[in-house]
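Undergrad:
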Amino acid sequence: MLDRVVSQSQLLALVDELALSRRIVGPVRRSDRHFYGPVDRADKLDLDFKYCVYSPKAALFPADQTLFEFQTGPDGFQTSPVYDESPLALVGVHPCDINAIRLLDRVFSNTNIDEHYLSRRRQTFIVGIDCPTPCTSGVFCRDMKANEAREGADIMCSPLPPNGVSDDVRYGVVFGTDAGREFVLYSHAGDPPTVDDERASERYISDKARAFPQSIPYDVDALPELLERSYDSLLWEATARRCYSCGSCNLSCPTCYCFNTYDRLEMTLTSGTRQREWDGCQLRSFAVVAGDHNFRAKAAARLRHRIYRKAKWVKEREGVAGCVGCARCDRACTAKISSVEIYNQLAEEV
Amino acid sequence: MKPRIAIFSLTSCEGCSLAILELEDCLLDILGAVEIVNFREGMTERSWDIDIGFVDGAVSTPEDMKEIEHFRECSKVLVAIGACATHGGLNTLKNYQDESDYRKYVYGDQAARFPTIPAQPLSGVVDVDYQLPGCPMVKEEFLEFVKVVLTGRTWHLPEDPVCVECKRNGTLCLYEKGIMCLGPVTRAGCNAICPSYGAKCEGCRGVVHDEALKAAGINLREQYDVDLQDVLADLRMFGAYQEKTLP
Ligand code: SF4
Ligand code: SF4
Ligand code: SF4
Ligand code: SF4
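Printed below as a string of C-alpha cells:
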C-alpha cells in the first residue's frame with residue numbers, strides 16, 4: 005500500500021525543503037561514477053543513478069572522526085566529548101544501504117552505546133529510493149534478503165512504471181516513520197495514490213521479484229551452518245594466497261564498523277584530540293595485541309574471519325546477516341577475491 | 067633542555083629538507099620546542115653536538131660514505147627522511163645501468179672528476195633509528211614524528227597499504243579504470259595523494275610488507291594480463307624493490 009505518489013521534480017522540491025534545515029548528502033556524478041556527496045541544492049543530485057561506489061556510511065560514521073578534545077595543564081588532564089548533531093538528510097539511499105544502516109544502528113546501540121554515531125543518526129532523515137532491478141552485476145542483495153527495506157528510511161520511494169501521462173519519473177512513496185509522514189504531508193507534495201497507482205505498485209513489486217536472480221544456492225539462514233562446516237576448508241588458504249591484506253574489502257563495506265583510535269597532538273604538545281579512523285580485519289596489524297602477538301597472523305585466517313563475520317557471527321548475534329550483498333567488497337578487491345564466489349565454492353564443497 | 071636538531075643532505079634534490087622549511091606555519095612552533103643547530107638550507111652557523119639528525123639523500127658517492135658515518139657519530143638519533151635516504155630513491159636507477167654509460171651521459175667528459183658508487187639507502191651503511199619514507203617525505207608525517215619524539219611516545223610508521231587511505235578518502239580505485247596502481251603493496255602515510263589526483267601510486271614509500279609483494283606476483287601472473295617487467299620497473303623507480311624477486 006502506497007502512502008503518496010510524487011514525481012521526480014516534486015521529490016527534488018522536497019529535498020530542497022529539507023536543505024533549508026539540513027545538510028544534504030546524496031548521489032552525485034564524479035569521474036564517470038556516482039558517489040554520495042554533499043550538495044546544497046537538490047538539482048545537483050542525480051537521482052537516476054544506478055549505484056554509488058561507496059555507501060553513505062561515512063556520513064554517519066566518518067572515516068576519521070574526533071571523539072573528544074583533551075588538554076593538560078595546571079588543572080590536570082581535561083577532556084570534552086565532541087558530537088556532531090547538525091541535522092542531515094541522506095537522499096537516494098538504496099535498500100542494501102538502508103539495511104546496512106539498520107545494522108549499524110543495532111551495533112552502535114546494543115552493548116556499547118556509541119553516542120558519536122547515535123547523535124548523528126538521531127539527526128538523520130533518510131530518503132530511500134528502491135531498486136527495480138539489480139543496480140549492477142555481481143550484487144547478491146536478494147540472497148542476503150537486503151534488496152528490500154520496509155524499515156529504516158523515513159520515506160521510501162519506488163519508481164513506478166510509466167503511466168503514459170507524464171515523462172517525469174513517478175515514485176510510489178511509503179512513509180517509514182512519523183517524521184517522514186509529517187514532512188511529506190505538511191509539504192503537500194504529490195498526490196494520494198489512485199487505484200491505478202496501487203496497481204502499478206503491485207506490478208512493480210512482482211516485476212522486481214523476478215528481476216533479482218539468486219546468486220548463492222543456499223538461503224542466508226543456512227549460511228551459518230555452511231560456514232560452520234567449512235572451518236577447515238582448503239579454500240581459505242588457496243584464496244588468501246592472492247590477498248594483499250589491503251583492507252579495501254572492509255573499508256568499502258557498508259556494514260563494517262571496526263575502528264582504531266589514535267591521538268592527534270597540537271604543536272603546543274599540551275592539547276589535542278582523540279580520533280577514531282576506519283580499521284579492518286583484513287589488515288595485518290588488526291589483531292596485534294600487547295607483546296606484538298598477532299592472533300590472526302595469516303591472511304587465510306583473516307579471510308575466514310571476514311567471511312564468518314559477514315554470514316555467520318553477526319547473524320547469530322544480531323539476527324540479520326552482517327552482509328547486505330552490495331558486492332562493494334568484491335568490486336574493491338584488486339586481487340579479484342569475491343565473497344559471493346567463496347559462498348558458492350563452499351556450497352559446492354559440502 | 068631543548069633537543070638539538072640537525073638536518074643533512076647526501077645525494078638528492080634536497081627537496082625533503084626544503085620541505086621542512088615549507089612547514090613555515092609550524093616552524094616557529096617547532097623552533098620553540100627544539101633548537102636547530104645544523105641545517106645547510108636554513109642557517110649558516112653549525113654545531114656538531116646533535117640529539118636528532120635528519121638526513122635526506124642516498125649514499126651514492128665515496129664522499130657520501132664518509133659524511134653519513136660522521137653524521138651517525140654526531141647524532142644520538144639518526145632519522146632517514148625521504149625515499150632516497152630510506153630506499154635509495156631515484157638514485158638507484160643507475161644501479162641497473164652500465165656505470166660507464168651513465169657516467170658519460172651525466173657528466174660528459176668531466177666524468178673522471180665525479181667518483182660514484184652504487185646508490186644505497188642510509189641503512190646500507192649505518193644504523194638508522196627511524197625512517198620517514200616518500201618522495202618527497204610527507205611533511206605531516208615529519209611533524210607527527212617530531213611531536214611523538216618530543217612527548218616521549220613510540221613512533222610507528224603506518225603498517226597498512228595506500229589503499230586504506232584511498233578508501234578513507236572515498237577515492238575511486240584506479241583499477242576500476244584499468245590502471246595498475248602500486249597502492250596495494252605500498253606503505254600508507256601519504257594520504258594516497260597520487261590516486262586522489264588520478265595518478266597511480268608508484269611506490270615511493272616502499273613496500274609495506276613482503277606478503278603483499280608476494281600476492282602481487284601471484285595476481286599479476288594469474289589475474290591480470292600485464293607485462294611483469296613494466297610493473298617491476300615501476301616498483302624500482304624509487305628503490306622500493308631491489309634484490310627481492312617477486313615470488
Ligand atoms: S561484505 Fe561485501 S557484499 Fe556484503 S555488505 Fe560488505 S561490501 Fe557489501
Ligand atoms: S580487498 Fe581483496 S586483497 Fe584486499 S584485503 Fe580484501 S580480499 Fe584481500
Ligand atoms: S587507487 Fe591504488 S591505492 Fe587507491 S585503492 Fe586503488 S589500488 Fe589502492
Ligand atoms: S601514492 Fe604512492 S607514489 Fe604517491 S605519494 Fe603515496 S606512496 Fe608515493
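Chains as they are written, first to last, in our numbering: chain C, 5 to 354; chain Z, 67 to 313.
For each residue, glycine too, the CB sits at the ideal point set by N, CA and C.
(1) Are at least three pairs of beta-carbons, each pair with one atom in the segment 73-85 of chain C and one in the segment 8-18 of chain C, less than 8 Å apart?
(2) Kindly provide the chain-ordered list of residues whose Cβ lies closer than 5 Å to any non-hydrogen atom of ligand 2.
(3) Specify the secondary structure class of Z:Arg70 as computed by DSSP and reduced to three states.
(4) With DSSP collapsed to three states, give me the class of C:Gly41.
(5) Scan the segment 119-200 of chain Z and note each continuous beta strand (DSSP E) run of 3 residues or more that stays entirely inside, going in chain order.
(6) So is C:Leu350 buried or exposed if we call it buried at 16+ other beta carbons inside 10 Å?
(7) Any heavy atom of ligand 3 closer than 7 Å to the CB of Z:Tyr196?
(8) Looking only at its own chain, which residues have a Cβ that is under 8 Å from the Cβ of C:Leu238, when we skip the five neighbours before and after it?
(9) In chain C, which residues lie less than 9 Å from Z:Val251 when you measure between Cβ atoms?
(10) Leaving out five residues on either side along the sequence, give the residues of the same chain with a beta carbon under 7 Å from the beta carbon of C:Val324.
(11) Determine the closest residue to Z:Leu188 out of Z:Met67, Z:Gly305, Z:Ala254, Z:Glu210, with distance taken between C-alpha atoms.
(12) Applying the 10 Å Cβ sphere with the 16-neighbour rule, what's the burial state of Z:Arg302?
(13) I'd like to know whether the C-beta atoms of Z:Cys256 and Z:Gly200 end up nearer to each other than 8 Å.
(14) For the segment 329-343 of chain C, which residues have a beta carbon sitting closer than 7 Å to at least one beta carbon of chain Z?
(15) Taking the alpha carbon of Z:Leu209 as the reference point, which residue from Z:Gly244, Z:Ile245, Z:Ile147 has its own alpha carbon closest?
(16) For Z:Arg234 and chain C, any beta-carbon pair shorter than 8 Å?
(17) Between C:Ser256 and ligand 1, is the CB less than 7 Å from at least one heavy atom?
(18) Using three-state DSSP, classify C:Leu77 as helix, strand or coil.
(19) Does the beta carbon of Z:Arg271 fall short of 7 Å from some heavy atom of ligand 6?
(20) Helix, strand or coil for Z:Phe105? Go by DSSP, reduced to three states.
(21) Is it the case that the segment 234-253 of chain Z contacts the segment 277-285 of chain Z, given that we only count it when at least three CB pairs across the two stretches are under 8 Å?
(22) Would the segment 304-320 of chain C count as touching the segment 286-295 of chain C if we require 3 or more Cβ pairs under 8 Å?
(23) Secondary structure at C:Glu324, three-state DSSP: helix, strand or coil?
(24) Tell me the DSSP secondary structure of Z:Pro313 in three-state form.
(25) Check whether the Cβ atoms of C:Ala409 and C:Phe112 lie closer than 8 Å to each other.
(26) Could you name the residues that DSSP lists as bridge partners for Z:Pro227?
(27) Along the chain, which unbroken stretches of the alpha helix (DSSP H) at least 4 residues long are found entirely within the segment 144-195 of chain C?
(28) By the criterion of Cβ-Cβ separation under 7 Å, what are the contact partners of Z:Ile284 in chain C?
(29) Anything in the segment 49-61 of chain C with a Cβ closer than 8 Å to a Cβ of chain Z? List those residues in chain order, please.
(30) Who are the Cβ neighbours of Z:Thr311 in its own chain at under 6 Å, not counting the five residues just before and after it?
(31) CB Z:Glu139 to CB Z:Leu76, shorter than 8 Å?
(32) So is the beta-carbon of Z:Thr158 under 7 Å away from any non-hydrogen atom of ligand 4?
(33) Quick one: using the 10 Å Cβ neighbour count with 16 as the cut-off for buried, is C:Thr265 buried or exposed?
(34) Determine the direct distance from the alpha carbon of C:Asn254 to that of C:Leu71, and round the result to whole angstroms.
(35) With 16 other CB atoms within 10 Å as the buried threshold, where does C:Glu229 fall?
(36) For my contact list, Z:Val125 and Z:Gly190 are in at a C-beta cut-off of 8 Å; report their separation, rounded to the angstrom.
TA: Short version:
(1) no
(2) C:Cys247, C:Tyr248, C:Cys250, C:Ser252, C:Cys253, C:Gln286, C:Cys337, C:Ala339, C:Ile341
(3) strand
(4) strand
(5) 141-147, 196-198
(6) Only buried fits C:Leu350, as 16 or more other CB atoms lie within 10 angstroms of its CB.
(7) no
(8) none
(9) Tyr248, Cys250
(10) Here the set comprises Leu107.
(11) Z:Gly305
(12) buried
(13) yes
(14) Ala336, Thr338, Ala339, Lys340
(15) The option with the nearest alpha carbon to Z:Leu209 is Z:Ile147.
(16) yes
(17) yes
(18) A quick correction: the sequence has Gly, not Leu, at residue 77 of chain C. Strand, per DSSP.
(19) Annotation note on ligand 6: not contained in the displayed structure, which lists ligand 1, ligand 2, ligand 3 and ligand 4 as its ligands.
(20) Three-state DSSP puts Z:Phe105 in a strand.
(21) The segment 277-285 of chain Z, when compared against the segment 234-253 of chain Z, does touch it at the 8 Å Cβ threshold.
(22) Because the criterion of three Cβ pairs below 8 Å is met, the segment 304-320 of chain C and the segment 286-295 of chain C touch.
(23) According to the sequence displayed, residue 324 of chain C carries Val and not Glu. C:Val324: coil per DSSP, three-state reduction.
(24) With a pLDDT of 47 at Z:Pro313, under the threshold of 50, the modelled position of this residue cannot be trusted; read the value that follows with caution. Three-state DSSP puts Z:Pro313 in coil, outside helix and strand.
(25) The requested residue 409 of chain C does not occur in the structure, where chain C is confined to residues 5 to 354.
(26) Beta-bridge pairing by DSSP links Z:Pro227 to Z:Arg253.
(27) As summarised for the segment 144-195 of chain C, the continuous alpha helix (DSSP H) elements at least 4 residues long and confined to that stretch are 182-191, given in chain order.
(28) Arg245, Arg246
(29) Correct list: Val57, Tyr58.
(30) For Z:Thr311, the pLDDT reaches just 47, beneath the cut-off of 50, and the residue's location in the model is therefore unreliable, leaving the point undetermined.
(31) no
(32) Ligand 4 has no heavy atom closer than 7 Å to the beta-carbon of Z:Thr158.
(33) Answer is exposed; the Cβ neighbour count stays below 16.
(34) Distance between C:Leu71 and C:Asn254, taken at the CA atoms: about 22 Å.
(35) exposed
(36) In this structure Z:Val125 touches Z:Gly190 by the C-beta definition: roughly 6 Å separates them, less than 8 Å.
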